[in-house]
Structures are given as structure tokens and as C-alpha cells.
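Chemist: Please read through the structure below; I'll follow up with questions.
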Amino acid sequence: MYVLFENLPEESRIWIYQSNRKFSDAEFSEIETALQSFLESWAAHGTSLESSYQLKYNRFIIIAVNQDVQAATGCSIDSSVEFIQSLEQKYTVDLLDKMNVTFKLGEHIAHKPLIDFKKMVKDKAVTENTIVFNNLVNNIEEYNESWEVPAIDSWHSRFF
0 MYVLFENLPE ESRIWIYQSN RKFSDAEFSE IETALQSFLE SWAAHGTSLE
50 SSYQLKYNRF IIIAVNQDVQ AATGCSIDSS VEFIQSLEQK YTVDLLDKMN
100 VTFKLGEHIA HKPLIDFKKM VKDKAVTENT IVFNNLVNNI EEYNESWEVP
150 AIDSWHSRFF
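Per numbering that gives the first Met the number 0: the sequence shown = residues 0 to 159.
Structure follows, in C-alpha cells:
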């Protein structure tokens, strides 16, 4: 069951998928329609999941579930991953590779393989103050507080 993102409690579980390229506005509009349709029927063991999403920067898909109403189970999580894989195929993008880093360079959002990000650190092209997207956050509260943070305040700090 789809609900507004802001109506979910802060302890709601989230999954963040980052694209290796920026989506066009038209693509993001199509993705939004597909997401709403998927979430309307998303269920765990026959029980609707109270869920929502956010789309950010034409690059990120954030899916959230209120675990207090009904917990997402293995099968329901698998179905969400299958949905994301269908988006990967339709739009020829990579949404599941966790070995990439997305960060801000001024107003631009950059997406690099981890090895390239490490080289940028070494070359001082990014610093401890570079804003990174910490996609390892687990719930809405962490997402609101710790998703866009200076690299030194995230798991990226190990590279400095």
C-alpha cells in the first residue's frame, strides 16, 4: 500500500539505489509511475506493505517500508530487487552496483567507481569535506541525518 513518504515513521526501513547516470526528466516521470504501481501491490505473505519512495537528483531511487505495520520478508525484498532489475534493463543503467561512489562536485553530482574515487582522494580532487551520498543508511531517520554528509562523516572516511 503506497503512502506519502513524509507519513512514514522515522524507523521505517529504506533501500537506496543509485544510477550510474542521470535519468532524464521523462525517464524519472516514467519511473515514478512504475514505482507507485509496484508499491500499491507490494506485499509480504499476502499482507500489503505500507511503503513509499523518493526520487532524488534524477539519480537516486529510495524505497521505504513501515516495518511496524508489516515487515518486508525475503520474498518481498526479492520482488523489489526484481522490480529494480527491470528498471535497469529498461533504461540501460546500473542501480545495484554498490562499488560505486556518488558525490557532489559543486552543483554537479558525480558517479565514479570506488577505485577512481580513491584515486581522486590521493590526487586531492576530493577532500574530507566533499559531500558524499552514504547509501548504507538503514532507515528514514538515518537517511534524513546522514545520507548527504561530508566524506569524513561517512564510511568514505577510511580513504582519507
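A virtual CB, placed ideally from N, CA and C, is assigned to each residue, including glycine.
1. Kindly indicate which residue of Asp-152, Lys-123, Asn-6 has the alpha-carbon position closest to the one of Val-64.
2. Identify the continuous alpha helix (DSSP H) that holds Asn-143 and give its terminal residues.
3. Whose C-alpha, out of Glu-10, Gln-17, Leu-54, is nearest the C-alpha of Ile-30?
4. Closest to Asn-128 by C-alpha separation, out of Met-98, Phe-159, Lys-89, would be which residue?
5. Ala-25: buried (16+ other C-beta within 10 angstroms of its C-beta) or exposed?
6. Determine the direct distance from the alpha carbon of Asp-67 to that of Met-98, and round the result to whole angstroms.
7. State the start and end residues of the unbroken alpha helix (DSSP H) segment that holds Ser-85.
8. So, Lys-111 versus Val-120, is the Cβ gap smaller than 8 Å?
9. So for Arg-157, helix, strand or coil by DSSP?
10. Going by Cα to Cα distance, which pick from Leu-3, Pro-8, Arg-12, Val-2 is closest to Leu-135?
11. Kindly list the residues whose CB is nearer than 8 Å to the CB of Val-92, restricted to its own chain and excluding five residues on each side of it in sequence; keep chain order.
12. What's the gap between the Cα of Gly-45 and the Cα of Tyr-52?
13. One question on the structure: do Asn-138 and Glu-39 come within less than 8 Å of each other, judged by their Cβ atoms?
14. With a cut-off of 8 Å, does the C-beta of Ser-153 fall near any C-beta of chain C?
15. What are the residues that DSSP puts in a beta bridge with Tyr-1?
Modeler: The answer reads as follows:
1. Nearest option by C-alpha distance: Asn-6.
2. 139-145
3. Leu-54
4. Phe-159
5. exposed
6. 31 Å
7. 73-90
8. Taking 8 Å as the Cβ cut-off, Lys-111 and Val-120 do not qualify as a contacting pair.
9. For Arg-157, the three-state secondary structure derived from DSSP is helix.
10. Arg-12
11. Ser-18, Asn-19, Arg-20, Phe-22, Leu-86
12. 21 Å
13. no
14. Here chain C cannot be found, since the structure has a single protein chain.
15. Ser-50
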